[in-house]
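Undergrad: Before I ask anything, here is the structure I am working with.
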Amino acid sequence: MAKYCEKPLEELYAPEQYIVLDIGGGTVDITAQERNKETGEIAVILAPQGNNCGGMVVNKEFGRILQKLLGENETNEFFDLETSFQQLLYSDDGTLKALINYGLFNDFEVQKEIFGRSSNNDADLVVKIPHKITQQYGMEYIMKNLKKLNDPAIEIEEDSIYIKYSRVHDLFAPAIKGILDGTHKALLELSKNKASSQFRTIYLVGGFGGCKYVYEKVKSFIAKEFPSMNYILIVPDNHRLAVAHGAVLYKKAPKINSRCLNRTYGLAVSVMYNPKTHDKEHFKYNEDGIPICEDAFLTFLQKGTPVSSNEVAVDEVLPDIDIDKVINIPFYASEEPSLEYLTDRPSPGVIMPMAEKVGELKFELPKGDILHKDQRRFQVILDFSSVEIDATVRYLNTNTDIKTTLNFLI
14 MAKYCEKPLE ELYAPEQYIV LDIGGGTVDI TAQERNKETG EIAVILAPQG
64 NNCGGMVVNK EFGRILQKLL GENETNEFFD LETSFQQLLY SDDGTLKALI
114 NYGLFNDFEV QKEIFGRSSN NDADLVVKIP HKITQQYGME YIMKNLKKLN
164 DPAIEIEEDS IYIKYSRVHD LFAPAIKGIL DGTHKALLEL SKNKASSQFR
214 TIYLVGGFGG CKYVYEKVKS FIAKEFPSMN YILIVPDNHR LAVAHGAVLY
264 KKAPKINSRC LNRTYGLAVS VMYNPKTHDK EHFKYNEDGI PICEDAFLTF
314 LQKGTPVSSN EVAVDEVLPD IDIDKVINIP FYASEEPSLE YLTDRPSPGV
364 IMPMAEKVGE LKFELPKGDI LHKDQRRFQV ILDFSSVEID ATVRYLNTNT
414 DIKTTLNFLI
């Protein structure tokens, strides 16, 4: 059942409450779920959260070493377009790109995995330098920069870079810190839940999550920071595909009974200005000379709200459009649990965004509609219960549903 495990399997089989710590190449994602033993339905107890400290952070640290060996300006961020190393990565020469991206960094990926399974600090991580790089810079120039680096844990022999495992720990350090910080935050938040004592099993999944080095770091951290919880940390055999497998199963037989939103969602709307309830900083006149509240935010569901599979969020909107037959309404998400405006305006001329535009609600007016915009009434219905957000718009004047798309920004 599990790749790494510290308890007998009979104690671990099919827990009703569990935590999922998904660590991939780009992000760390954490959530807590509860499975109904009778129906098999799943409720999301902890809103998904995390950060961008996945396995690619380690690659970025390795890239910094490469920059120094190739004589790049150390103040430049790795993957800065101004560096000649970046120009190599995105060269028009397809063979060159393949050698560097799939040769150099794939070689590093393999070595990274080998390191993750080892505990021998005297061993070396070995990455072959593609001939195109030595041809571009010259081996003499690279060796000169190696001497400047003055790091006894890094050597170059013939056409390969040798990095002592004791130094590779440093390459992993930023990613590990991000993983542990995210885990600590999530477990602290979960501890506020009355049923938190029931959550003892943590599944460590994702490509980077299955790394034994990561497992050991997370395991020792949890034992130190949450000694009374007796968490059981498990890496499934299919840890790389666990999330993708779950998404496929959901489409085949959706059994998620409820989920917990990780952000506040809503629409940008125009409303009549009310001096008693609206801040004067958001006051303006629209094109018809009517006083409105600018940047008003219509909240559909707040961050942390449990959403059942049979529930939808419904509200009425009045698009401020008279001529166009196609209506577009911006769709926003925010980390703030409670939000009244899209922007904060602490002083004249200072505008701070409080929400991020994540998509657009688009629908067409019914054929033959000749009503003035002030007479049109629409009801927006948002369904957050699936793995995606679905939208429906109902034209209340005729009580008919309109074909609607909710396009998300990529």
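Note that this note's numbering numbers the sequence shown so that position 242 is 255, with each residue one more than the last.
Glycine included, each C-beta is placed from N, C-alpha and C at the ideal position.
1. In the DSSP assignment, what residue or residues form a beta bridge with A297?
2. Taking its Cβ as the centre, do 16 or more other Cβ atoms sit within 10 Å of H291, making it buried, or is it exposed?
3. What are the start and end residues of the alpha helix (DSSP H) that includes I245?
4. Apart from the five residues on each side of it in sequence, which residues of its chain come closer than 8 Å, Cβ to Cβ, to T413?
5. In the DSSP assignment, what are the bridge partners of N64?
6. Who pairs with A199 in a beta bridge, going by DSSP?
7. For Y150, which residues of its own chain have a beta-carbon under 8 Å away from its beta-carbon, when the five flanking residues on both sides are left out?
8. Apart from the five residues on each side of it in sequence, which residues of its chain come closer than 7 Å, Cβ to Cβ, to D63?
9. Nearest to K198 by CA position, among Y154, I169, A60 and K161, is which residue?
10. Can you tell me where the beta strand (DSSP E) holding Q30 begins and where it ends?
11. In the stretch 124-167, which residue ranges form an unbroken beta strand (DSSP E) of at least 3 residues, counting only runs that do not cross its ends?
12. Helix, strand or coil: how does DSSP classify P187 here?
13. My assumption, with CB atoms under 8 Å, is that K338 sits in contact with E300. Please give the rounded CB distance.
14. Check whether the Cβ atoms of K232 and G129 lie closer than 8 Å to each other.
15. Let's see if you can read the secondary structure: which residues bound the beta strand (DSSP E) around S285?
16. Does the stretch 215-222 touch the stretch 160-172, meaning 3 or more C-beta pairs lie closer than 8 Å?
17. Along the chain, where does the alpha helix (DSSP H) containing R390 start, and where does it finish?
18. Only counting the same chain, and skipping five residues up and downstream in sequence, which positions put a Cβ closer than 8 Å to that of T425?
TA: Once the coordinates are examined:
1. Reading off the sequence, residue 297 comes out as Lys, not Ala. I305, per the DSSP bridge assignment.
2. Buried, because 16 or more other Cβ atoms sit within 10 Å of the Cβ of H291.
3. From DSSP, I245 is part of no alpha helix (DSSP H) but of the beta strand (DSSP E) over I245 to P249.
4. P379 and R407
5. V41
6. Per DSSP, none; premise fails for A199.
7. L83 and G84
8. Before going on, a small fix: residue 63 reads as Gly here, not Asp. Cβ within range, chain order: T40, V41, D42, I43 and G195.
9. Here the closest residue by C-alpha is A60.
10. DSSP places Q30 inside the beta strand (DSSP E), whose first and last residues are Q30 to I36.
11. 137-141
12. helix
13. Not really, about 18 Å apart at Cβ, beyond 8 Å.
14. Not closer than 8 Å, so no.
15. Reading the sequence as shown, one finds Met at residue 285 and not Ser. It spans T277 to M285 - the beta strand (DSSP E) in which M285 sits, taken as one unbroken run.
16. no
17. It is not in any alpha helix (DSSP H) - R390 carries neither H nor E in the DSSP assignment.
18. Because the chain here runs from 14 to 423, residue 425 falls outside it and cannot be looked at.
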